[in-house]
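Each residue of the sequence shown is one higher than the last, beginning at 22 in the numbering used here.
The block underneath contains the structure these notes are about, expressed in structure tokens.
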Amino acid sequence: MYFNNTNNFFHGIMFHHFHDEKLHVKSQGSISSDDLSSLVKFIGRKNIIDAEVFYEKYYNKKLNNREVCFTFDDAIKCQIDVALPVLEDLKIKSFFFIYTSIFDGKPDNLEVYRYFRTICFEKIDDFYFYFYKVLGKDLKFFFDENEKFIINRKKICPYYSIEDIKFRLVRDKFLSKNNYEKIMNIIMKEKKFSPSKYYKTLFFDKKDLKRLSSLGHSIGLHSHSHPTLLESLPNNLQKIEYEKCIGILADILETSRSEIKFMSHPCGSYNNDTLEILKELGIKMGFKQIMNLEQDRGMKNINNSFLEIARQDHADIMKRM
Ligand SMILES: [Zn+2]
């Protein structure tokens, strides 16, 4: 039984990575097509609502507490190769949230790094060990200083290990983006890994996007360059992120901007500026990536607004099955 007293409200299910026996290797949190089918059974097929229907019901206040929709972030090719056949088979129309720098040949390094960690290291902790060695800094004081944050983060994102959380903290707070990428470049060179070789394996192309749309799935925004902490950007840069994204998607789908109505916040990061920008762009529905009430944001409801609808990470569901 999927629903209990912690998730008894309408929300999205958030998917990222899938694996198969062929091209798409097993990685942290990835699931197979069989896992996806089991997950649908666990939630109950009748509780999974098509994307457009979810949107209409939301606006007509007709969604009940046991209705969810499926959402796929980041335009990762394994979603097309592994998940889409299952979705089509079960006739589940979903949201796909796309960041658009992949169509400029500049995909998010996050995805490339993830793939690199998976194929070049046996365990994720082996990678962390290697990374800290190359970084060569004593991080004890930094971790002590952030102890409360780490404990709190683990509560909000139980699918991360403490080591995952510490690594993300070093990446996002201790290092600048530039310095982080420098270190990753050193490690990739040492391991003789060349990123561009894998772009085709890792990311959607324009045809994938058109195909999804013609099959009746809903395409939405996920920023242009997928910043890890969008809320830290000044208003004008946030605006560029979303304007570029909507422009490129409208071009590829050969549609008007007003047809693009949905979005999810990259890495769950947004602030009031972001919400205003999205309203100005005419976005009608947006998803965050947690299931908690964020009191520090002054939230009164878990689904706090039409641009802050909760999502459950698929990895957390898998653990309960
Ligand atoms: Zn994302």
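Cβ atoms here follow ideal geometry from the backbone N, Cα and C, with glycine treated the same way.
Cα-Cα separation between residue i and residue j, rounded to whole angstroms
i    : j    : result
I101 : D159 : 42 Å
I64  : I183 : 28 Å
S215 : N130 : 12 Å
R332 : F91  : 9 Å
D94  : I34  : 11 Å
V191 : S253 : 16 Å
K175 : L230 : 34 Å
F36  : H45  : 15 Å
H32  : E211 : 43 Å
D317 : S115 : 31 Å
F170 : S235 : 44 Å
I269 : K161 : 44 Å
N200 : R232 : 38 Å
N173 : D193 : 16 Å
S197 : F152 : 15 Å
L328 : M312 : 14 Å
S326 : S217 : 39 Å
Y220 : Y136 : 10 Å
V74  : M22  : 23 Å
S277 : E315 : 35 Å
I281 : E77  : 15 Å
K340 : D146 : 20 Å
M209 : A271 : 35 Å
C178 : E109 : 30 Å
K228 : T249 : 27 Å
Under the three-state DSSP convention, the category residue i falls into
i    : result
C178 : coil
D94  : strand
H335 : helix
V89  : strand
I323 : coil
L250 : coil
F24  : coil
I183 : helix
I240 : strand
I267 : helix
I281 : coil
E275 : coil
L105 : helix
L258 : helix
K82  : coil
Beta carbon of residue i nearer than 7 Å to that of residue j
i    : j    : result
S48  : V107 : no
N68  : E42  : no
K265 : H238 : no
A96  : I123 : yes
Y120 : H286 : no
V133 : I207 : no
L296 : Y263 : no
I304 : M284 : yes
N29  : N86  : yes
F39  : S51  : yes
N324 : I330 : yes
I338 : L60  : yes
D226 : N256 : no
R98  : L223 : The sequence shown places Lys at residue 98, rather than the Arg named in the question. Yes.
F195 : F148 : no
D334 : Y180 : yes
Burial state of residue i, where buried means 16 or more other Cβ atoms lie within 10 Å
i    : result
Q345 : With the chain running from 22 to 342 in the structure shown, residue 345 is simply not present.
G307 : buried
R138 : buried
G241 : buried
N167 : buried
V83  : Correcting the residue type first, residue 83 is Lys in the shown sequence and not Val. Per the 10 Å Cβ criterion, exposed.
S290 : buried
D125 : exposed
P128 : buried
F150 : exposed
Y80  : exposed
K309 : buried
F205 : Looking at the sequence shown, residue 205 is not Phe but Met. It counts as buried.
I273 : buried
K187 : buried
I70  : buried
I113 : buried
Chain C contact for residue i (CB, 7 Å cutoff)
i    : result
G268 : This model lacks chain C altogether, as it is built from one protein chain only.
### Task
Would you mind listing the beta strand (DSSP E) stretches within the segment 107-168 that are 3+ residues and don't spill past its ends, in chain order?
116-119
### Query
Unbroken beta strand (DSSP E) runs of length 3 or more, entirely within the segment 201-238: which are they?
none
### Task
Identify every run of the beta strand (DSSP E) within the segment 284-329, keeping only runs that are complete inside it and at least 3 residues long; order them along the chain.
306-308
### Message
Just to be sure I understand the criterion: a residue counts if its Cβ is closer than 5 Å to at least one heavy atom of ligand 2. Which residues meet that?
### Response
With respect to ligand 2, the structure shown offers nothing to examine, as its ligands consist of ligand 1.
### Query
Where are the beta strand (DSSP E) runs, 3 residues long or more, that stay fully inside the segment 22-74, in chain order?
32-36
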